[in-house]
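Asks: Chains as they are written, first to last, in numbering that gives the first Met the number 0: chain A, 0 to 297; chain B, 0 to 318.
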Amino acid sequence: MVRLSYGDRLMVIFIYIFLALLAFTTFYPFWNSAVISFNTGSNTALGGVTFWPREFTLENYHVVLNDDRLLNGFMISVLRTVIGTVLSIIATALFAYGMTKRELIGRKFYMIMCIITMYFSGGLIPSFLLVRGVGLMDSFWVFIIPGLISVWNMIIFRTFFQGLPGGLEESAKIDGCGNWGTFFRIILPLSGPVIATLSLFTAVGHWNDWFLPSIYINNENLLPIQTMLKQILNTNIVSDQMANMDSAAQGQMARMQTVSSKSLSMATMMIATLPIIMVYPFVQKYFVKGVLVGSLKE
Amino acid sequence: MSQISVESKPAAAKPKKSSLITRFARQWDIQLMVLPALILVFIFSYIPMYGVLMAFQDYNIFGGMSESPWVGLKHFEMFFESPEFYTVMRNTIVISLLKFLIGFPAPIILALMLNEIRSMAFKRVVQTVSYLPHFLSWVIVAGFVMSMLSTDNGSVNIFLQKLSFIEEPISFLSVPEYFWTILVTTGIWKEIGFGSIVYLAAIAGVDPHMYEAADMDGASKFRQIFTITLPYIMPVVIIFIILSIGNLLTAGFEDILLLGVNPVLREVSDVIDTYVYRIGIQNTRFSYATAVGLFKAVISVGLLTIANYIARRSGNSLW
Chain A
0 MVRLSYGDRL MVIFIYIFLA LLAFTTFYPF WNSAVISFNT GSNTALGGVT FWPREFTLEN
60 YHVVLNDDRL LNGFMISVLR TVIGTVLSII ATALFAYGMT KRELIGRKFY MIMCIITMYF
120 SGGLIPSFLL VRGVGLMDSF WVFIIPGLIS VWNMIIFRTF FQGLPGGLEE SAKIDGCGNW
180 GTFFRIILPL SGPVIATLSL FTAVGHWNDW FLPSIYINNE NLLPIQTMLK QILNTNIVSD
240 QMANMDSAAQ GQMARMQTVS SKSLSMATMM IATLPIIMVY PFVQKYFVKG VLVGSLKE
Chain B
0 MSQISVESKP AAAKPKKSSL ITRFARQWDI QLMVLPALIL VFIFSYIPMY GVLMAFQDYN
60 IFGGMSESPW VGLKHFEMFF ESPEFYTVMR NTIVISLLKF LIGFPAPIIL ALMLNEIRSM
120 AFKRVVQTVS YLPHFLSWVI VAGFVMSMLS TDNGSVNIFL QKLSFIEEPI SFLSVPEYFW
180 TILVTTGIWK EIGFGSIVYL AAIAGVDPHM YEAADMDGAS KFRQIFTITL PYIMPVVIIF
240 IILSIGNLLT AGFEDILLLG VNPVLREVSD VIDTYVYRIG IQNTRFSYAT AVGLFKAVIS
300 VGLLTIANYI ARRSGNSLW
């Protein structure tokens with residue numbers, strides 16, 4: 000072990016302090032929002048809630064969890080995420096497996112067609128008109144079908160499949176497996192790591208998306224929780240500005256309530272984040288590898 | 000694609016001299032694997048590409064493209080002459096340049112710092128925490144920002160007041176002067192940790208003997224970063240620079256839509272993509288919005304081509 004010079008030691012100390020501050024600033028907004036979600040709305044309105052709830056309550060969650068619309072939004076998000084991820088991963092993996100077959104007629108042409116879409120697209124308006132035109136407006140399937148195939152994921156899957164030992168497929172063939180049988184019985188079960196990584200990213204994408212429903216869904220019963228949350232937060236801004244204009248009157252009104260729009264929206268935010276916080280520790284070891292697979296392929 | 004040769008296929012199975020149709024029929028099962036995907040790619044990627052032509056039409060909502068009259072470059076001219084043109088272009092360029100100049104080096108610096116940490120526990124905590132925001136939706140992140148900056152309970156205001164930097168709470172999200180700073184900071188907050196993963200992996204490839212040798216020669220840590228680590232990860236850095244040049248006109252979309260809610264901010268927040276969204280989806284001026292989008296796409300392709308040309312000369316070509 001080489002002894003550090005004075006200047007080096009100073010630098011290392013600085014780095015530790017800087018990184019600790021970074022971790023703190025990253026973590027604090029979560030903490031603060033959680034704290035506000037556990038504080039009574041009337042007390043929060045007095046201001047100054049930072050590290051700990053001053054008046055602990057579960058009332059905010061009670062109200063949010065008893066709101067049928069929010070619960071419905073949560074369920075829509077869960078359904079969309081599960082169905083969308085499963086179908087997208089299977090369809091994309093199947094596509095990728097087909098594309099590994101060297102005898103596939105038109106393989107090169109198909110590949111070029113796919114790669115072009117990674118650089119060029121019709122843009123927002125033509126895509127919007129198309130989705131509306133094929134009748135996906137106000138349909139649950141608008142969440143699933145347009146994004147079912149990801150060319151990017153297909154390329155990652157394909158690279159992974161090509162790395163599997165070729166002898167496996169041969170022996171499956173000899174035992175009488177067709178291409179489809181080989182895919183479902185041999186290839187998919189062996190692709191755990193890559194399926195886990197890509198499922199994670201696909202699922203997170205589905206769970207977090209608020210924009211697509213905001214333009215394609217008018218039916219309130221189909222709105223996922225993120226889109227609803229966006230509406231709630233926007234209303235909040237408006238009321239925040241009103242509070243600024245007439246803070247005295249507004250403040251008195253807020254003080255009479257146990258819950259306020261602020262404390263409620265924080266509770267909703269916590270609930271909309273919960274699934275990600277819950278799976279995050281389990282998948283962290285996978286995605287670090289997954290990111291590398293994705294970037295090295297470029 | 001170089002791994003293709005590793006694949007061992009029984010070539011003997013292929014019969015000699017059969018027509019394309021026979022061969023196609025024989026492999027119907029694998030064609031069936033790729034067919035649905037190709038149809039979806041065709042519908043959802045290629046039909047909209049054709050739809051771009053409506054930028055040269057006066058699109059008729061009821062008749063569709065086939066019944067809409069062609070108007071040449073009318074919508075492009077309208078955009079260039081519109082009063083919004085200057086604002087939108089300025090915002091797009093300034094915001095994306097700010098994001099690039101500050102947001103691009105940030106994860107590299109973080110990776111270099113993390114690399115100096117010897118305490119594994121500390122390193123793991125910092126990494127775990129800093130990766131997390133990447134997985135949150137922009138709605139949640141915008142919610143955090145609004146909550147942190149709000150006037151009634153915003154921790155930033157409380158903090159600044161306690162330190163006596165300000166007397167009255169500032170309504171940060173309704174002051175145009177602060178918007179770019181907030182936007183760039185939020186973007187870095189969300190992606191710095193995740194962005195550092197690739198650089199950390201690259202740094203891990205440096206031969207430790209190099210550092211030992213540098214230590215022997217009395218090079219400081221700082222010096223080692225500049226003479227060993229940075230040159231070593233340069234190829235990765237260059238690839239990412241090239242990739243981001245093609246996106247130079249994408250100043251942001253979700254973040255701006257969600258943080259720039261206040262109409263006061265439009266003067267500083269409107270960029271090409273949000274303008275297309277507002278004009279196209281909200282005001283249903285489809286042809287005009289498509290023309291604006293196409294304008295951006297054309298410049299982006301030009302930038303990408305230039306970037307690739309530069310890359311090829313430096314030996315890091317993308318295609």
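The C-beta atom is built at its ideal place from N, Cα and C for all residues, glycine as well.
To the nearest angstrom, how far is it from the Cα of S198(A) to the Cα of Y5(A)?
Replies: Cα to Cα, S198(A) sits roughly 48 Å from Y5(A).
Asks: Ordered along the chain, which non-local residues of its own chain (more than five positions away) have a Cβ less than 6 Å from that of R284(B)?
Replies: Result list for R284(B): I278, in chain order.
Asks: Where does F225(B) fall in DSSP's three states?
Replies: Reduced to three states, the DSSP call for F225(B) is helix.
Asks: Of all the CB atoms in chain A, is at least one closer than 8 Å to the CB of S313(B)?
Replies: Judged by the 8 Å Cβ criterion, S313(B) is not in contact with chain A.
Asks: How about A310(B) and I241(B): are their beta carbons less than 8 Å apart?
Replies: Contact flag set, yes.
Asks: So, is A90(A) buried or exposed, given that buried needs 16 or more other C-beta atoms within 10 angstroms?
Replies: A90(A) comes out buried.
Asks: How long is the line joining the alpha carbons of V258(A) and G251(B), rounded to whole angstroms?
Replies: Cα-Cα distance, rounded: 35 Å.
Asks: Below 8 Å between beta carbons is the criterion; list the residues of the segment 81 to 97 of chain A that meet it against any residue of chain B, in chain order.
Replies: The segment 81 to 97 of chain A vs chain B, Cβ under 8 Å: A90, T91, L93, F94, Y96 and G97.
Asks: Hey, how far is the Cα of T56(A) from the Cα of V48(A)?
Replies: Distance between the alpha carbons of T56(A) and V48(A): 14 Å.
Asks: Find the nearest neighbour of I224(B) within the set F75(B), L109(B) and S65(B), judged by alpha-carbon distance.
Replies: When each option's Cα is compared against that of I224(B), the closest is L109(B).
Asks: Please state whether the Cβ-Cβ distance between K100(A) and I38(B) is less than 8 Å.
Replies: In this structure, I38(B) does not lie closer than 8 Å to K100(A) by Cβ.
Asks: Leaving aside the five residues before and after N217(A) along the sequence, list all residues of the same chain whose C-beta is less than 6 Å from its C-beta, in chain order.
Replies: Answer for N217(A): D137, listed in chain order.
Asks: Using the Cα positions of K284(A) and K229(A), report the straight-line distance between them to the nearest angstrom.
Replies: Distance between the alpha carbons of K284(A) and K229(A): 31 Å.
Asks: I want to see whether chain B comes within less than 8 Å of D245(A), judged by CB atoms only; does it?
Replies: With a pLDDT of 49 at D245(A), under the threshold of 50, the modelled position of that residue is not reliable, and the figure given next carries that caveat. No, its Cβ sits nowhere closer than 8 Å to a Cβ of chain B.
Asks: Let me check understanding here. Comparing Cα to Cα, which of F26(A), L70(A), G204(A) and S41(A) lies closest to F50(A)?
Replies: Residue F26(A) is the option with its Cα nearest to F50(A).
Asks: Please report how far the alpha carbon of L167(A) lies from the alpha carbon of T228(B), in whole angstroms.
Replies: So the two alpha carbons sit approximately 41 Å from each other.
Asks: Work out the CA separation of G132(A) and M53(B) for me, nearest whole Å.
Replies: So the two alpha carbons sit approximately 15 Å from each other.
Asks: Is the CB of F73(A) under 8 Å away from at least one CB in chain B?
Replies: No, because no Cβ of chain B sits closer than 8 Å to the Cβ of F73(A).
Asks: Indicate whether at least one CB of chain A lies closer than 8 Å to the CB of N152(B).
Replies: With 8 Å as the cut-off, N152(B) counts as an interface residue toward chain A.
Asks: According to a CB-to-CB cut-off of less than 8 Å, which residues of the segment 169 to 189 of chain B neighbour chain A?
Replies: Under the 8 Å Cβ criterion, the segment 169 to 189 of chain B contributes S170, L172, S173 and W188.
Asks: If you run the structure through DSSP and keep just helix, strand and coil, what is N246(B)?
Replies: In the structure shown, N246(B) sits in coil (DSSP, three-state: anything other than H, G, I, E or B).
Asks: Could you tell me if H61(A) is buried or exposed, where buried requires 16 or more neighbouring beta carbons within 10 angstroms of its beta carbon?
Replies: Exposed, since its Cβ has fewer than 16 Cβ neighbours within 10 Å.
Asks: Starting from M74(A), trace the alpha helix (DSSP H) both ways and give me its first and last residue.
Replies: Where M74(A) is concerned, the enclosing alpha helix (DSSP H) stretches over D67 to T99.
Asks: Give the residues of chain A in contact with D28(B), contact being defined as C-beta atoms less than 7 Å apart.
Replies: Simply G177, N178 and W179.
Asks: For Q126(B), name the three-state secondary structure that DSSP assigns.
Replies: If DSSP states are grouped into helix, strand and coil, Q126(B) belongs with the helices.
Asks: Once DSSP output is grouped into helix, strand and coil, what is the label at Q30(B)?
Replies: Here Q30(B) sits in helix by DSSP.
Asks: Taking the continuous alpha helix (DSSP H) assigned at R131(A), which residues delimit it?
Replies: Counting along the chain, the alpha helix (DSSP H) containing R131(A) begins and ends at L123 to G132.
Asks: If we count the other Cβ atoms within 10 Å of its Cβ and call it buried at 16 or more, is Q281(B) buried or exposed?
Replies: That one is exposed.
Asks: Using 10 angstroms around the beta-carbon of W137(B), count the other beta-carbons present and answer buried if the total reaches 16, otherwise exposed.
Replies: It is buried - the Cβ of W137(B) has at least 16 other Cβ atoms within 10 Å.
Asks: Report buried or exposed for R157(A), applying the criterion of at least 16 other Cβ atoms within 10 angstroms of its Cβ.
Replies: With 16 or more other Cβ atoms within 10 Å, it is buried.
Asks: Have a look at R8(A) and Y231(B) and give me their C-alpha separation to the nearest angstrom.
Replies: Taking the straight line from one Cα to the other gives about 24 Å.
Asks: Using a 10 Å radius around the Cβ and a threshold of 16 neighbouring Cβ atoms, would you call W69(B) buried or exposed?
Replies: Burial call: exposed.
Asks: Roughly how many whole angstroms lie between the Cα atoms of L72(B) and V51(B)?
Replies: Straight-line Cα distance between these residues: approximately 13 Å.
Asks: I need the boundaries of the alpha helix (DSSP H) containing V34(A), first residue and last residue.
Replies: Looking at the DSSP string, the run of the alpha helix (DSSP H) that includes V34(A) is Y5 to S36.
Asks: Rounded to the nearest angstrom, what separates A171(A) and L247(B) at their Cα positions?
Replies: Those two C-alpha atoms are separated by around 49 Å.
Asks: I need the straight-line Cα distance from L232(A) to M74(A), nearest angstrom please.
Replies: Each residue's alpha carbon lies about 20 Å from the other.
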